[in-house]
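Novice: Dropping the structure in here first, questions after.
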Amino acid sequence: MSEVILKVDNLKKHFPIKGGLLQKVVGHVKAVDGVSFEVKKGSTFGLVGESGCGKTTAGRTLLRLHENDGGSVIFDGKDIFALNQKELRDIRPEIQLIFQDPYSSLSPKMPVGEIIGEAVREHKLVPEKELRNYVMQIMRECGLQDHHIDRYPHEFSGGQRQRICIARAIALKPKVVVCDEPVSALDVSIQAQVINLLMDLQRDRGISYVFISHDLSVVEHISDEVGVMYLGNLVEKAPREEIFKNPMHPYTKALFSAIPTPDPTVKMNRIVLEGDIPSPAKPPAGCKFHTRCQSCMEICKVTRPEYKDYGNEHFVACHLYNKQ
Amino acid sequence: MFFNKTAEQKEAAKKMKEIVKSNKAIIKKFEDEKKRKNVPASEYQTAMKNPDNILEIDNLHTYFYTDMGVVRSVNGVNIEIPQGKTVALVGESGCGKSVTSMSVMKLIMGPSGQITNGAIRYNRASGPIDIVKTPISEMQHIRGNEISMIFQEPMTSLNPVFRIGAQIEEAIMLHRPDVPKSDLKAQTIKMLELVGIARAEGVYASFPHELSGGMRQRVMIAMSLCCNPKMIIADEPTTALDVTIQAQVLELLRDLKDKIDASILLITHDLGVVAEMADYVVVMYAGRVAEQGTAHEVFLNPKHPYTIGLIKSKPVVNQLVERLYSIPGAVPNPVNLPNHCYFKDRCDKCIAACNGAIPELKTLEGGHKVACHLYTQGGH
Amino acid sequence: MAEATAKKEINLEKVVTPGQLVRKRFMRNKLAIVGVFILLGMFLFSFVGPFFSPYGEYTLFYISADGVEFSSDDLKGFDPSGAGVTIGNRQSPSSTHWLGTDKDGRDVFTRLMYGGRISLTIGIVVVFFQIVLGVTLGGIAGYFGGKIDNLIMRLVDVIYCLPTLPIMLIISSLLIAYKIPQDQKIYWLTLVMGLMGWASVARLVRAQILTLREREFMVATEATGIHPARRIIKHLIPNVMPQLIVVATMGMGSVILTEAAYSYLGIGVPFPYASWGNMVNVVSDPIIMRSYVFMWLPPGLCILITVLGFNFVGDGLRDAFDPKMKR
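Chains as they are written, first to last, in this note's numbering: chain C, 12 to 335; chain S, 12 to 391; chain P, 69 to 395.
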């Protein structure tokens with residue numbers, strides 16, 4: 012087993028809900044409510060879930076773009092939440108972020124070379140004289156051309172912009188990159204280009220990814236290990252082959268069966284979930300999934316299931332497997 | 012920036028001026044045509060090629076005259092929608108699939124956007140008409156009444172200050188004056204139940220923001236159905252929804268299709284959704300049809316290199332590949348379209364003929380049509 | 069058409085900068101161009117015009133017993149306090165006084181030019197002052213949030229609650245009570261107008277920064293560990309600029325209007341200094357209002373046209389910057 016680069020332990024992020032005349036805190040949205048996973052060096056951890064399940068918040072909290080409300084994130088032996096602002100800024104280059112929307116993630120008034128090189132200069136990763144050459148080299152690596160360096164973001168297509176975002180992250184020589192739905196806003200043919208680029212970079216540079224997406228097929232393709240989130244919790248986590256061959260949690264099963272297959276001959280035995288995702292401000296008692304679960308038992312409405320290893324590093328939080 | 016212009020920028024400014032000038036003249040011609048009052052019905056009456064079709068789009072051209080040049084969004088598209096069938100329009104962003112659907116509704120934003128050529132024959136109960144020539148006043152009877160639309164983002168298409176019930180009632184009142192006032196509520200509840208909303212009474216009295224995305228999309232579908240449309244245009248109806256909710260809505264749409272006997276024009280970029288929903292598939296690329304045929308034909312036996320690439324580049328659950336196939340390059344700029352096949356620069360099956368004229372749609376066996384020189388030159 | 073676009077290799081989309089697009093949209097707006105010409109004309113008239121005027125701002129005109137007109141600058145050997153000399157006031161427009169003279173015998177046309185100088189200068193200075201204060205405080209509030217934000221925004225609320233007119237009246241009487249020289253009153257006026265006006269700018273900047281801060285490119289600058297000062301100066305401010313330019317242009321119009329109102333009430337620019345506002349002031353005399361239209365109408369028109377000009381340009385700029393009107 013290779014070494015663990017990022018260890019997320021029981022991470023929590025609660026956003027206060029303010030109400031009433033005096034803006035008192037009347038409740039909390041438990042966006043991330045105790046998430047634990049590890050990312051190994053040079054591997055990819057895929058985080059899957061529907062909108063509002065807290066996967067984006069989890070991604071941003073582990074970068075400490077939000078302060079946490081419990082739990083810890085150990086990156087390369089350092090507790091991210093124990094650092095002061097100066098130390099945090101110094102460690103930032105090593106753990107980077109790629110966004111979903113390549114249109115809003117680039118400053119519209121800056122040339123590409125500046126966007127990519129700005130933080131490199133700030134952290135003095137490369138001598139000033141070599142900066143331009145370094146940026147060009149990174150751009151080439153990300154499939155951009157040298158003359159793009161002086162152009163502005165509005166001149167690029169969505170796929171190229173995403174390459175710029177990737178270049179900006181890669182230029183800082185990160186060890187971990189959190190990819191927050193990096194291909195969801197792109198067209199299918201461009202998606203494949205970007206996914207291949209991300210995988211090439213991982214191979215060449217040994218970067219670890221936390222790959223957040225709602226698209227299971229993409230996650231399956233890129234990840235070594237997959238975690239499924241529902242309402243702020245990981246309900247299931249297992250190595251890729253294991254979870255796709257043998258999904259255990261009823262939610263995971265429904266999620267997998269809901270993906271439309273581009274093959275008109277396949278007749279799906281679809282598990283169609285009833286109802287909507289409950290509001291994360293008022294999650295159901297007991298197992299958070301019980302309101303939509305087809306195998307719901309009495310115990311599910313009362314007790315929260317434990318998150319346990321059922322062999323093959325397959326973690327599930329469900330009472331179905333916990334009977335004996 | 013304001014004073015030091017490079018030669019290139021000067022050239023650009025000059026060119027822009029020319030474009031603006033020529034656009035003005037062209038737009039004026041089309042706008043004058045639109046402004047005519049009392050167009051006689053005989054002018055837009057037409058005959059269907061095939062009376063079984065509800066809609067025939069014939070050689071449609073929709074251009075946008077921008078200051079950057081003419082954007083040829085739809086550039087000669089032929090689509091036939093048979094009565095009671097679902098036709099899916101697939102393509103990447105900017106391929107002109109939404110513009111095609113907007114042209115059918117005559118909702119192209121003027122004055123820059125204009126339908127410049129072609130016909131859209133709609134098989135109306137009172138006799139077939141050509142939508143391109145139909146005046147706006149007449150279109151208003153058709154829009155939302157005989158042809159209705161479902162949009163991608165249901166939140167923006169519902170008015171946030173009115174209750175759901177009131178909005179559906181208004182739609183019913185507008186399109187079906189025969190329904191008596193006293194029946195409105197009952198009718199509305201019936202519509203909500205039709206789209207699978209369990210607590211119809213509760214939803215009737217709620218505001219749009221109180222509903223989830225999936226619920227809102229159901230309400231939108233209910234609204235589009237309340238006038239018994241003959242055709243529904245669904246523009247990315249599930250793109251904004253989560254997978255589990257998407258599954259619900261797709262199930263509903265399939266269900267409804269049997270119940271109401273309407274034709275559906277489904278616009279989407281998701282091949283999975285197409286495979287589940289569509290009887291016929293039209294693949295668009297850069298404003299032209301690349302391939303069309305039955306869903307079975309197109310998915311199991313794709314002919315056009317673009318379709319093949321598109322299907323291959325999407326990872327499929329439980330089918331692991333070492334490396335994804337990816338179509339190189341990007342969609343050509345719609346202002347500067349090349350004179351040869353638009354896909355040539357990205358195609359890995361190029362032959363000499365690809366440098367020649369733009370390939371026309373050619374019918375292969377089984378009604379499968381493809382626009383590619385691989386199939387036009389000497390058989391195979 | 070198709071060949072023409074294909075032949076030329078230049079891809080407009082790649083060459084045309086957003087700035088060029090903004091300029092082009094602006095140029096297409098006819099009202100905005102009219103506004104630009106109005107303002108250009110007004111600036112020339114007020115700042116260059118006086119060099120061509122034979123008279124000074126405070127020059128008084130007299131008429132001697134034998135009907136010869138002389139001024140306090142050029143006595144031509146007459147004595148203003150001599151016998152038979154009358155003040156040459158309320159003269160009708162003539163070739164020597166294009167708009168006649170006012171009730172004290174000063175040349176109206178000349179004073180119109182000097183009045184424009186004062187009004188426009190006050191407009192520019194006050195707006196500059198408002199923008200500097202507003203951007204600084206609004207920027208701090210928006211960027212840092214929390215308690216600082218709360219404090220600054222409550223201050224903004226307080227400023228909004230203060231009734232400007234009574235305060236101006238009080239300050240005016242204070243200035244008189246402390247015997248502040250008349251010529252310093254203008255500085256006090258600009259200072260107070262600046263202090264009272266920054267609140268709306270601060271609100272705008274704060275709101276803009278709050279939305280920008282959530283944009284992903286700002287999160288990206290945080291994730292890459294860029295220093296906050298650089299994030300504000302290089303990333304936030306350039307993106308607020310368009311709105312600021314619009315607000316500044318519109319603001320100038322309203323400041324000129326306010327200044328005119330104060331001067332009209334006698335608490336703004338004092339006599340003998342000319343300002344469009346205090347020139348209109350003479351209208352309070354019913355006789356002048358009825359019989360000497362040339363004395364108060366031209367300055368009134370100047371105010372109207374200038375404010376219109378600023379508003380036209382501001383509207384044009386806003387439309388040009390608005391991304392919703394893209395292309």
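We put the CB at the ideal spot given by N, CA and C, even for glycine.
Between P/Lys302 and chain S, is any beta-carbon pair separated by less than 8 Å?
Specialist: No, P/Lys302 does not count as interfacial toward chain S.
Novice: When the Cα atoms are used, what is the spatial distance from S/Glu181 to S/Phe218?
Specialist: One C-alpha to the other measures close to 15 Å.
Novice: Rounded to the nearest angstrom, what separates S/Met12 and P/Gly87 at their Cα positions?
Specialist: Residue placement at S/Met12 cannot be trusted, given a pLDDT of 40 that sits under 50; what the coordinates show is reported in the next sentence. Each residue's Cα considered, the two are about 8 Å apart.
Novice: Whole angstroms is fine: what's the gap from P/Phe381's alpha carbon to P/Ser322's?
Specialist: According to the sequence displayed, residue 381 of chain P carries Val and not Phe. If I take the Cα positions, the gap works out to 13 Å.
Novice: Going by other Cβ atoms of all chains shown within 10 Å of its Cβ, with 16 needed for buried, is S/Ser324 buried or exposed?
Specialist: The residue in question, S/Ser324, is buried, as its Cβ has 16 or more Cβ neighbours within 10 Å.
Novice: Taking 8 Å as the cut-off, does the segment 91-108 of chain C touch the segment 26-44 of chain C (at least 3 CB pairs, one atom from each stretch)?
Specialist: The segment 26-44 of chain C vs the segment 91-108 of chain C: no contact.
Novice: In the DSSP assignment, find the beta strand (DSSP E) that holds P/His303 and state where it starts and stops.
Specialist: Looking at the DSSP string, P/His303 is not in any beta strand (DSSP E), and its letter there is neither H nor E.
Novice: Go ahead and label C/Lys24 buried or exposed: buried means 16 or more other beta carbons lie within 10 angstroms of its beta carbon, across all protein chains shown.
Specialist: Buried: at least 16 other Cβ atoms inside 10 Å.
Novice: Within 10 Å of its beta-carbon, does S/Phe354 have 16 or more other beta-carbons around it, so buried, or fewer, so exposed?
Specialist: Burial call: buried.
Novice: Start and end of the beta strand (DSSP E) containing C/Val237?
Specialist: Run containing C/Val237: Glu236 to Tyr241, per the beta strand (DSSP E) assignment.
Novice: Check whether chain P comes within 8 Å of C/Ala130, counting only Cβ atoms and requiring the distance to be less than that.
Specialist: So yes, C/Ala130 belongs to the interface.
Novice: Which residues in chain P have a C-beta closer than 8 Å to the C-beta of C/Pro104? List them in chain order.
Specialist: Going along chain P in sequence order, the residues near C/Pro104 (Cβ under 8 Å) are Thr292 and Gly293.
Novice: Just to make sure I have the definition right: I need the residues of chain P whose C-beta is within less than 8 Å of the C-beta of C/Gln173. Which are they?
Specialist: Ordered by position in chain P, no residue passes the 8 Å Cβ test against C/Gln173, which lies about 12 Å from the chain.
Novice: Among residues of its own chain, excluding the 5 on either side of P/Met110, which ones have a beta-carbon nearer than 8 Å to its beta-carbon?
Specialist: Cβ within range, chain order: Gly184, Leu188, Cys370, Ile373, Thr374 and Gly377.
Novice: Does the segment 91-102 of chain S come close enough to the segment 50-70 of chain S to have 3 or more Cβ pairs within less than 8 Å?
Specialist: Touching, yes.
Novice: Going along chain C in order, which residues have a C-beta closer than 7 Å to the C-beta of S/Asp189?
Specialist: None at all; the shortest Cβ gap to chain C is about 35 Å.
Novice: In the DSSP output, which residue or residues are listed as bridge partners for P/Phe197?
Specialist: None, per the DSSP bridge assignment.
Novice: What does C/Asn207 touch in chain S if you count any residue whose Cβ is under 7 Å from its own?
Specialist: Arg334, Leu335 and Ser337, listed in chain order.
Novice: Using a Cβ-Cβ cutoff of less than 7 Å, which residues in the same chain neighbour P/Ile78 once the five nearest sequence positions on both sides are dropped?
Specialist: With a pLDDT of 48 at P/Ile78, under the threshold of 50, the predicted position of this residue should be treated as unreliable, though the coordinate-derived value follows. Excluding sequence neighbours, P/Ile78 sits near nothing in its chain.
Novice: Is S/Asp11 close to chain P, meaning its C-beta is less than 8 Å from at least one C-beta of that chain?
Specialist: One cannot answer for residue 11 of chain S here, as it falls past the ends of chain S, which runs 12 to 391.
Novice: Kindly indicate if chain C contains any beta-carbon less than 8 Å away from that of P/Phe285.
Specialist: Answer yes: the Cβ-Cβ gap between P/Phe285 and chain C drops below 8 Å somewhere.
Novice: With a CB to CB cut of under 6 Å and the five nearest residues on each side skipped, what residues in its chain are close to P/Phe177?
Specialist: Answer for P/Phe177: Trp166 and Leu167, listed in chain order.
Novice: Among S/His186, S/Val172 and S/Asn239, which residue has its Cα nearest to the Cα of S/Ala216?
Specialist: Of S/His186, S/Val172 and S/Asn239, the residue nearest in Cα terms is S/Val172.
Novice: Could you tell me which residues DSSP puts in a beta bridge with P/Met363?
Specialist: According to DSSP, which records beta bridges pairwise, P/Met363 is partnered with nothing at all.
Novice: Let me check one thing: in DSSP terms, what residues is P/Thr169 bridge-paired to?
Specialist: Per DSSP, P/Asp175.
Novice: Out of P/Arg91, P/Lys98, P/Asp141 and P/Thr127, state which residue places its alpha-carbon closest to the alpha-carbon of P/Phe339.
Specialist: It is P/Thr127.
Novice: For the segment 260-281 of chain S, enumerate the residues whose C-beta is nearer than 8 Å to any C-beta of chain C, in chain order.
Specialist: Those residues of the segment 260-281 of chain S that come within reach of chain C (Cβ to Cβ, closer than 8 Å) are Leu261, Glu262, His280 and Asp281.
Novice: What does C/Val246 reach in chain S if we use C-beta pairs closer than 9 Å?
Specialist: By Cβ distance, chain S contributes nothing, its closest Cβ being about 13 Å from C/Val246, past 9 Å.
Novice: Taking S/Gly105 as the reference, which of S/Cys237, S/Arg135 and S/Ala297 has the closest Cα?
Specialist: Of the listed residues, the one whose Cα sits closest to S/Gly105 is S/Ala297.
Novice: Where does C/His225 sit, in a helix, a strand or coil, going by DSSP?
Specialist: Three-state result, C/His225: coil.
Novice: Rank C/Thr302, C/Val246 and C/Tyr145 by C-alpha distance to the C-alpha of C/Gly60 and give the top, closest one.
Specialist: Selected option, being the one with the closest Cα: C/Val246.
Novice: Using three-state DSSP, classify S/Ser217 as helix, strand or coil.
Specialist: Correct three-state label for S/Ser217: coil.
Novice: Where does S/Met288 land, buried or exposed, given buried means 16+ other C-beta within 10 angstroms?
Specialist: Per the 10 Å Cβ criterion, buried.
Novice: What first and last residue would you give for the alpha helix (DSSP H) that runs through S/Phe181?
Specialist: Checking the sequence, you will find Glu at residue 181 of chain S rather than Phe. Here the alpha helix (DSSP H) through S/Glu181 covers Ile175 to His186.
Novice: Comparing C-alpha positions only, which one of C/Tyr241, C/Ala180, C/Gly170 and C/Ala182 sits nearest to C/Ile206?
Specialist: For C/Ile206, the nearest C-alpha among the options comes from C/Gly170.
Novice: Counting only C-beta atoms, is P/Ala288 closer than 8 Å to chain C at any point?
Specialist: Answer yes: the Cβ-Cβ gap between P/Ala288 and chain C drops below 8 Å somewhere.
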